[in-house]
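Below is one structure, written out as C-alpha cells; comments come after it.
Number of protein chains: 2
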Amino acid sequence: MVKITDVARHAGVSPSTVSYALSGKRPISEDTRQRIEASIRELGYRPHAGARALASSRSNVLALVIPFRTGIHVPVVMQFAVSVVTTARQHDHDVLLLTQEEGEDGLRRVADTALVDALIVMDVQLRDARLPLLRTLDRPSVLIGFPAEAAGLTCIDLDFAAAGGACVTHLAELGHRCVALVGSPPAVYLRQTGFAQRVTHGFTAAADERGLTSTVHPCEATPAAAQAMAERLLREHPELTGVVVHNEPVVQPLIEAFRRLGLRVPEDLSVVAICPDELAEQAPTPVSSVAVPSAEVGTRAVELLMRKLDRLDVPEATLLPPRLTRRATTAPRGG
Amino acid sequence: MVKITDVARHAGVSPSTVSYALSGKRPISEDTRQRIEASIRELGYRPHAGARALASSRSNVLALVIPFRTGIHVPVVMQFAVSVVTTARQHDHDVLLLTQEEGEDGLRRVADTALVDALIVMDVQLRDARLPLLRTLDRPSVLIGFPAEAAGLTCIDLDFAAAGGACVTHLAELGHRCVALVGSPPAVYLRQTGFAQRVTHGFTAAADERGLTSTVHPCEATPAAAQAMAERLLREHPELTGVVVHNEPVVQPLIEAFRRLGLRVPEDLSVVAICPDELAEQAPTPVSSVAVPSAEVGTRAVELLMRKLDRLDVPEATLLPPRLTRRATTAPRGG
DNA sequence: AATCGCAGTCGAAGCGATTCGACAAGATCA
DNA sequence: TGATCTTGTCGAATCGCTTCGACTGCGATT
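Each protein sequence line maps, in turn, to chains A and B.
Read left to right, the first sequence gives residues 144 to 478 (the numbering used here).
Read left to right, the second sequence gives residues 144 to 478 (the numbering used here).
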C-alpha cells in the first residue's frame with residue numbers, strides 16, 4: 144500500500160507538505176501542488192483512514208441510528224438513510240449504521256472509541272432514555288423528532304402539528320364540518336412517540352379553532368384494521384365527510400374500504416393523508432397529502448451536523464413547514 | 144480520554160499486557176487479567192478505533208452496499224441491512240453504509256483507505272461492472288445474488304430457480320395444467336438482474352418438465368399494471384388456473400384484480416407468490432408463498448465474510464433452498 | 001534601513017493502539 | 001541433570017498520518 148512518504152519522495156517534497164496540500168490547511172504554491180497531485184494520481188495514493196483518524200482525531204464517519212419496529216414505515220426510514228449517506232458523502236463523510244436495539248451502549252461505544260465524529264438518531268421518543276447520554280457525550284448529534292424536553296439538543300423534523308392542522312384547514316376550506324383522524328397504531332402512542340401526539344394536537348386544535356367536530360382514532364397498520372375502522376367511522380359518525388390519515392400502510396386500504404361501503408371518494412368523503420409524496424402519487428386515485436419529506440430531513444440533519452462539527456451555531460429546533468398537495472381524494476363537501 | 148497506558152499504570156502492568164489481556168492473543172494469568180478488567184471498568188476505558196486500526200490493520204468495519212432503485216422491494220433491503228448489522232455486531236464488527244450510486248469508486252475508496260475490512264454487495268447484476276474490481280481488491284467480499292460468471296467470488300442468495308420451480312411443482316401437484324408467471328418490472332430484466340432471470344428459467348423448466356402450459360409476463364409494480372395484467376391474462380389465457388407472482392407490490396393488487404374480474408381465489412385461480420413471509424402472512428387472504436429470506440441471507444453473508452477474514456475456506460456459491468408455505472390462495476384445480 | 005508579515009516548506013513529535021522479540025521462572029522430558 | 005517447552009510479562013518498534021514550531025525569502029510598512 145502506497146503511503147504519504149512515498150508520495151512525498153516521488154514529488155520531491157516532505158510528507159507534511161503533501162498533507163497540507165491535501166487538507167489545504169496551509170498555503171502551498173501552485174507549482175508544488177500540481178506535482179503532488181500528479182504523484183498522487185500516478186501512485187494511486189489513498190490516505191489510511193485509521194492513521195488519519197488517529198492523528199487528527201477526526202474519523203469523518205457519522206453514526207446513523209435507525210429504528211426497526213412496528214408502526215414505523217420502512218420506506219421512510221430507507222429513504223432517510225439514503226439521503227443521509229448521500230449528503231454525508233458530499234461533505235466527505237461516511238455513515239456507520241446502528242440499529243435501535245444496540246441502544247445507549249451502542250451510542251456510547253461508537254462515540255467513545257472515536258469510531259464516529261457525530262451521531263444522527265432517528266425515532267426519538269418523548270422521554271427517550273438516550274437523551275441524557277446524548278447531552279453528555281462529547282460528540283455532536285442531531286435528533287430526528289422532538290422529545291418532550293429538547294433544550295440543549297438539536298432536533299429536526301416535519302412540523303407534524305402544523306401538518307395535522309394543514310389537513311384540517313384544507314378540509315375546512317372545502318366546507319367540511321365533521322372530520323376524523325385515523326392515526327398510527329396504538330403501540331406508537333403508547334411508546335410516547337412525539338410525532339403521533341403532535342399530529343393529534345395539531346389536528347384537534349385546528350378543528351376546535353374552526354369549530355369542526357373532530358375525533359381521533361389510532362389504527363393498526365393492516366387492511367383488516369382499515370376495513371374495521373371504516374365501518375366503525377360510518378356507524379359512529381354518519382355525518383363524517385373528511386378523514387385525515389396518518390398511517391401509511393392504511394391509506395389505500397381505508398379508501399377502498401370506504402368505497403366498498405358505498406361512499407364515493409372524494410364526492411361523498413374527502414381523504415387527506417400525511418405520507419411520502421411517492422405513496423400519494425402512485426395510488427390508483429392519487430391522494431391529497433401533506434408530504435413527509437424524509438429525504439429533506441436527512442439532508443438537513445447532515446448539514447446541521449456538519450455545522451456543529453465546524454463549531455458553528457445551529458438552531459436547537461428545526462421544524463419543516465408542511466406542504467399540502469391537493470390531488471384526487473379531496474373535494475368540496477357535498478360533491 | 145483514557146488510554147491504554149492509563150489502564151496499564153492503574154493495573155500495575157505494561158500496556159502490552161493490557162492489549163494481550165484484551166485480545167487474548169497471548170496467555171495472561173487469571174490474576175492480572177482480573178486486575179486489568181477491574182481497571183478498565185473503573186476508568187471506563189475504550190480502545191481508540193483509529194489507533195487500533197492503524198496498528199492492527201483491521202478496522203473491524205464491514206461495508207454494505209445497498210441498492211436503491213425501481214423494482215427492488217424496499218422492505219427486503221431494509222430487513223437485510225438490519226440483519227447484517229445485527230450479525231456483524233455479534234462478531235464485533237460495525238457496518239458502513241454505501242449506496243449503489245457511489246459505484247466502483249466508492250468500493251475502491253473504502254477498501255483502499257482501509258476504512259473497511261470486507262464488503263457485502265447487494266443487487267449484483269449478471270455482468271456487473273464491479274466484479275473485476277472485487278476480484279482484484281485485497282479485501283474479501285460477499286455478493287448477494289449471482290453474476291453470470293461467479294468464479295473466484297463468494298455469492299449467496301435464495302435459489303431463485305428452485306423457487307420458481309417449487310411454485311410450479313406446488314401448482315402441478317394441485318392439478319393445475321396452465322400457469323403464468325407475473326414477474327418483476329421490465330426494467331429489472333433489462334438490467335440483466337440475475338434473480339429475475341433465474342425465476343423465469345426455474346419456472347419455465349419445471350412447467351416444461353411436467354408438461355404444463357406456461358407463460359411469463361414482466362409487470363410494473365403498480366396496482367394499475369396489476370389490473371391490466373389480470374385482464375390480459377384472462378383474455379389471452381382463459382384456461383389459466385395457476386399464477387406465480389414474483390413482484391411484491393403487485394401481489395395484493397393482482398389478487399384483488401382477479402376477484403374484481405369475477406374469479407374466486409383460490410377456488411377458480413390459485414396464486415403463489417415469491418415474497419417475504421411477513422407480506423404473505425399479513426395479506427387479507429394469506430398468500431401461499433416461497434419465502435424470500437432476507438434476514439437469513441444477511442446473517443449468512445456476514446458469517447461467510449467472517450470466515451474469509453479468518454482465512455477459512457468458504458464455498459463460492461451458497462444457494463438457500465426455497466421454502467414454500469401453503470396458505471389460503473392455492474387450492475386443487477376446479478375448487 | 002530596520003521591521004514586520006506572509007507565503008511556502010521542512011523536520012520532528014506525537015496520536016494510541018498492536019506486536020515482535022526477549023526474558024525469567026517453572027514444568028516437562030529424556 | 002541438563003535441555004527444552006510453556007507461561008506470563010515487559011520494552012521498544014511500528015502503523016501512517018497530522019500538526020506544531022521553525023526557518024527562509026521577499027514584498028510591504030514605517
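Ideal placement from N, C-alpha and C gives every residue a C-beta, glycine not left out.
Treat the numbers as computed from the prediction; the structure is a model and nothing was measured.
If you reduce the DSSP assignment to three classes, tell me which class A/C418 lands in. In the three-state reduction of the DSSP assignment, A/C418 falls in the strand class, which pools E and B.
So which residues of chain B does A/P218 contact, with C-beta pairs closer than 9 angstroms? V217, P218 and M221
Taking the alpha-carbon positions, what's the B/H360 to B/F346 distance? Across the structure, B/H360 and B/F346 are spaced so that their CA atoms are roughly 12 angstroms apart.
Taking only beta carbons into account, state which residues of the region 235-248 of chain B come closer than 8 angstroms to chain A, listed in chain order. D237, V238, L239, L240, L241, T242, E244 and E245
Among A/G295, A/L205 and A/T356, the one whose alpha carbon lies nearest that of B/V238: A/L205
Pull up the distance between the alpha-carbon of A/I398 and that of A/V408, whole angstroms please. 7 angstroms
Kindly list, in the order they appear in chain B, the residues whose Cβ is closer than 7 angstroms to that of A/R407. By Cβ distance, chain B contributes nothing, its closest Cβ being about 17 angstroms from A/R407, past 7 angstroms.
Quick check on this structure: which residue in A/G326, A/Q233 and A/L258 has the alpha carbon closest to the alpha carbon of A/A196? A/L258
Under 8 angstroms Cβ-Cβ, which residues of chain B neighbour A/S284? Going along chain B, no residue has its Cβ under 8 angstroms from A/S284, so there is no contact; the nearest lies around 17 angstroms.
Can you tell me which residues form a DSSP beta bridge with A/I209? Note: A/I209 sits in a beta bridge opposite A/T242.
Closer than 8 angstroms, CB to CB, is B/A400 near chain A or not? no
Checking 8 angstroms against the spacing of the C-beta atoms, do B/G478 and B/S226 come in under that value? no
Could you tell me which chain B residues have their CB closer than 7 angstroms to the CB of A/G193, listed as they occur along the chain? G193, A196, L197, S202 and A257
Can you grab the Cα-Cα spacing for the pair A/M372 / B/A254, in whole Å? 52 angstroms
Does the contact criterion of 3 or more C-beta pairs under 8 angstroms hold for the region 459-478 of chain B versus the region 435-449 of chain B? yes
Along chain B, in chain order, which residues have C-beta atoms closer than 8 angstroms to that of A/V85? With chain A represented from 144 up to 478, any question about residue 85 of chain A goes unanswered, as that position is not in the structure.
Cβ pair A/I183, A/V150 closer than 8 angstroms: Cβ distance < 8 angstroms, so A/I183 and A/V150 count as in contact.
For B/L286, list the residues DSSP reports as bridge partners. According to DSSP, which records beta bridges pairwise, B/L286 is partnered with B/V264 and B/C298.
For A/F211, go through chain B and note every residue whose CB falls closer than 8 angstroms to its CB, in chain order. M221 and V225
Among A/A426, A/R378, A/G307 and A/D248, which has the Cα closest to the Cα of B/G187? A/D248
For A/A198, tell me which candidate among B/H191, B/S200, B/S199 and B/S202 has the shortest Cα-Cα distance. B/H191
In chain B, what lies closer than 7 angstroms to A/Q425 by C-beta? Chain order gives the chain B residues near A/Q425 as T365, where near means a beta carbon separation below 7 angstroms.
How about A/P429: is its C-beta nearer than 8 angstroms to some C-beta of chain B? Judged by the 8 angstroms Cβ criterion, A/P429 is not in contact with chain B.
According to DSSP, A/G385 sits in a beta bridge with which residue or residues? Paired residue(s): A/V322 and A/S413.
Bridge-paired residues (DSSP) for A/A194: A/A194 is not bridged to any residue.
Which stretch, first to last residue, makes up the alpha helix (DSSP H) that contains A/T229? V217 to Q233
Specify whether the region 314-324 of chain A and the region 272-286 of chain A touch according to this definition: at least 3 beta carbon pairs, one from each stretch, less than 8 angstroms apart. no
Residue span of the beta strand (DSSP E) that contains A/V440, given as start and end: Where A/V440 is concerned, there is no enclosing beta strand (DSSP E), although the alpha helix (DSSP H) it sits in stretches over S437 to L452.
For A/M144, does the count of other Cβ atoms within 10 angstroms reach 16, so buried, or fall short, so exposed? exposed
A/L274 in three-state terms, based on DSSP: The answer is helix: DSSP assigns A/L274 an H, G or I state.
Does the count of Cβ pairs from the region 173-182 of chain A and the region 209-226 of chain A closer than 8 angstroms reach three? no
With a 10 Å radius around its C-beta and 16 neighbouring C-beta atoms as the bar for buried, classify A/P328 as buried or exposed. So A/P328 counts as buried.
Kindly list, in the order they appear in chain B, the residues whose Cβ is closer than 7 angstroms to that of A/P190. By Cβ distance, chain B contributes T256.
Might you give, ordered along the chain, the residues of its own chain that have their beta carbon closer than 6 angstroms to the beta carbon of A/G295, omitting 5 neighbours on each side? R278
Would B/V414 pass as a contact of B/V435 if the rule is Cβ separation under 8 angstroms? no
From the DSSP output, in three-state form, read off B/V253 for me. Under the three-state reduction of DSSP output, B/V253 falls in the helix class.
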